[in-house]
Amino acid sequence: MTTSQTDRADERSIDDSGRALPRARWWRDGFRPLLARLHFFIGVFVGPFILIAAVTGLMYAATPAIEQIVYRDTLTVAPSGSPLPLAQQVSAAQEAQVDGTLIEVRPATRPDDVTRVTFSTESDPADRDLTVFINPYSGEVTNTLPTFGEWLPVRSWFDDLHRTLFLGDIGRLYSELAASWLWVLAASGLSIWIFRRVRKGRRRTLVIPTRRAKGRARLMGWHGALGVWLALGMIFLSATGLTWSQYAGTNVGNLREALDWTTPSAAAALPENTEVPEIPEQELPAALERAAESARDEGLDGIIKIVPAESGEAWTVSQAQRSWPEKQDSISVDPATGEVLS
1 MTTSQTDRAD ERSIDDSGRA LPRARWWRDG FRPLLARLHF FIGVFVGPFI LIAAVTGLMY
61 AATPAIEQIV YRDTLTVAPS GSPLPLAQQV SAAQEAQVDG TLIEVRPATR PDDVTRVTFS
121 TESDPADRDL TVFINPYSGE VTNTLPTFGE WLPVRSWFDD LHRTLFLGDI GRLYSELAAS
181 WLWVLAASGL SIWIFRRVRK GRRRTLVIPT RRAKGRARLM GWHGALGVWL ALGMIFLSAT
241 GLTWSQYAGT NVGNLREALD WTTPSAAAAL PENTEVPEIP EQELPAALER AAESARDEGL
301 DGIIKIVPAE SGEAWTVSQA QRSWPEKQDS ISVDPATGEV LS
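Below, the structure written as structure tokens:
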């Protein structure tokens with residue numbers, strides 16, 4: 001056997017009797033069955049996750065509208081005259097929640113909005129805070145609810161269902177593992193289906209199932225064609241879902257920091273030779289109002305959040321509207337004077 005013949009034989013798979021198989025037979029008798037079994041078992045493992053993630057994801061996407069219905073009396077008020085000064089609104093929230101540490105304020109932006117004043121309390125879970133909702137016209141408390149960032153209990157409930165299936169760390173690990181294998185499920189299915197259609201000269205049925213088939217062939221035709229249409233979405237969901245996961249998401253976050261792809265933020269440290277005395281609790285409302293006025297003067301429109309910092313650090317005022325990338329500006333403010341530092 002010549003060298004070229006040996007090379008060609010080496011490129012082929014070997015059957016049980018030691019004979020070299022043609023490449024087509026190597027795919028049919030060797031790799032394809034392995035890929036089919038892999039596709040099947042991954043489907044069994046990932047299937048429940050796909051169903052639950054799809055249903056809960058759709059429900060989660062609808063939560064902003066659901067919140068407006070469930071918490072209508074909490075989130076909206078009837079405009080009546082001019083709003084009270086922000087300092088007076090914050091004071092009303094402090095009187096309603098005296099055992100917490102004020103960590104964030106979101107002033108009302110529209111005439112029918114409420115002001116949100118968030119406190120950190122020892123009685124709440126580590127990832128939950130307590131938000132007091134204030135009528136900006138009367139200073140009355142419309143409600144007090146546990147929140148996760150800006151999320152109200154309804155959205156937090158759907159988020160926990162979507163991420164952990166209410167199974168704690170076990171559910172979260174299962175969701176992350178299933179999402180990690182979702183793209184493998186899509187890629188393996190595409191490989192099997194495309195090779196089969198091309199080999200049989202039926203390229204048209206790649207994306208359109210044949211109507212003449214019956215029984216199992218008809219079922220597989222629909223399975224394959226739908227899989228082609230859904231594969232790109234499955235890969236996209238796998239990639240985007242992992243960015244929010246516990247372990248893969250942490251790695252993605254580290255990569256973004258290494259590549260400097262994070263959202264710029266204002267510096268919290270004060271300039272050198274700048275001394276800011278600690279703001280007493282009774283003076284916090286006035287300091288918050290100064291910070292809000294400075295932010296509006298700097299052009300920070302829409303929803304903003306004011307985050308008080310520790311003594312000796314600047315306060316941060318940032319836009320909190322995530323729907324548009326340009327609504328991500330932030331400034332650092334001297335809480336004692338309202339001067340914009342950066």
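Numbered by full-length UniProt numbering, the letters in the sequence shown go through residues 1 to 342 in order. Even for Gly, the Cβ is constructed at its ideal location relative to N, Cα and C. A quick note: this is a predicted structure, and the numbers were derived from the prediction, not measured.
query                                                                                                                                                 : result
With distance defined between alpha-carbon atoms, name the residue in GLN88, TRP222, ALA178, ARG296 nearest to PHE41.                                 : ALA178
Taking DSSP as the reference, what is the three-state secondary structure of ASN135?                                                                  : coil
Can we say the stretch 130-141 touches the stretch 313-321, given the rule of at least three CB pairs closer than 8 Å?                                : no
Pull up the CB-CB distance for GLN88 and GLY47, whole angstroms please, since I reckon it's below 8 Å.                                                : Going by Cβ atoms, the distance from GLN88 to GLY47 rounds to 56 Å, so no, they are not a contact pair.
Looking at C-alpha atoms only, which residue of ASP329, LEU58, LEU173, ALA287 is the closest neighbour of ALA248?                                     : LEU173
Express the C-alpha separation of GLY43 and GLY253 in angstroms, rounding to a whole number.                                                          : 29 Å
Strictly by DSSP, which residues pair up with ARG106?                                                                                                 : ARG116
If you draw a straight line from the alpha carbon of ARG203 to that of PRO209, how long is it in whole angstroms?                                     : 11 Å
Name the DSSP beta bridge partners of ASN143, please?                                                                                                 : PHE133
For ASP113, count the other beta carbons within 10 Å of its own beta carbon; 16 or more makes it buried, fewer makes it exposed. Which is it?         : buried
Could you work out which residue in TYR137, LEU145, ALA108, THR109 is closest to THR121 when comparing CA atoms only?                                 : LEU145
Since GLY302 and GLN319 should fall inside the 8 Å C-beta cutoff, what is the C-beta to C-beta distance between them, to a whole number of angstroms? : 6 Å
Out of curiosity, what's the CA-to-CA distance linking LEU255 and ALA78?                                                                              : 47 Å
Starting from the Cα of LEU161, find the closest Cα among THR142, GLU278, THR147, PHE49 and give me that residue.                                     : PHE49
Can you give me the start and stop residues for the alpha helix (DSSP H) that SER175 sits inside?                                                     : 168-199
Give me the Cα-Cα distance between GLN5 and LEU35, rounded to the nearest whole angstrom.                                                             : With a pLDDT of 44 at GLN5, under the threshold of 50, the modelled position of this residue cannot be trusted; read the value that follows with caution. Approximately 29 Å, taken between the alpha carbons.
With DSSP as the reference, label GLN88 as helix, strand or coil.                                                                                     : helix
Using DSSP bridges, identify the partner residues of SER123.                                                                                          : According to DSSP, SER123 bridges with nothing at all.
Quick check on this structure: which residue in PHE31, GLU289, GLN328, ALA96 has the alpha carbon closest to the alpha carbon of LEU262?              : The sequence given here places Thr at residue 262; Leu does not occur at that position. Among PHE31, GLU289, GLN328, ALA96, the Cα nearest to that of THR262 is on GLN328.
Are the beta-carbon atoms belonging to GLY227 and TRP183 less than 8 Å from one another?                                                              : no
ALA295 and VAL317 look like a contact to me (Cβ under 8 Å); what is the Cβ gap, rounded to whole Å?                                                   : 4 Å
Just to confirm the assignment, what range does the alpha helix (DSSP H) spanning SER318 have?                                                        : It is not in any alpha helix (DSSP H) - SER318 instead sits in the beta strand (DSSP E) that spans 315-319.
I need the boundaries of the alpha helix (DSSP H) containing ILE69, first residue and last residue.                                                   : 63-70
Among ALA292, GLY81, ILE304, whose alpha-carbon lies nearest the alpha-carbon of VAL340?                                                              : ALA292
Using only the alpha-carbon positions, how far apart do GLN321 and ARG197 sit?                                                                        : 48 Å
Could you give the distance in angstroms between the alpha-carbon of LEU167 and the alpha-carbon of ILE306?                                           : 35 Å
With a threshold of 16 other CB atoms inside 10 Å of the CB of SER332, please say whether the residue is buried or exposed.                           : buried
How far does the alpha helix (DSSP H) with ILE235 in it reach, from first residue to last?                                                            : 215-242
Anyone know if the C-beta pair for PHE119 and THR142 falls short of 8 Å?                                                                              : no
What residues in its chain sit with their C-beta under 7 Å from that of TRP222, if we drop five residues either side in the sequence?                 : PRO209
Indicate whether TYR60 and LEU152 have their beta-carbon atoms separated by less than 8 Å.                                                            : no
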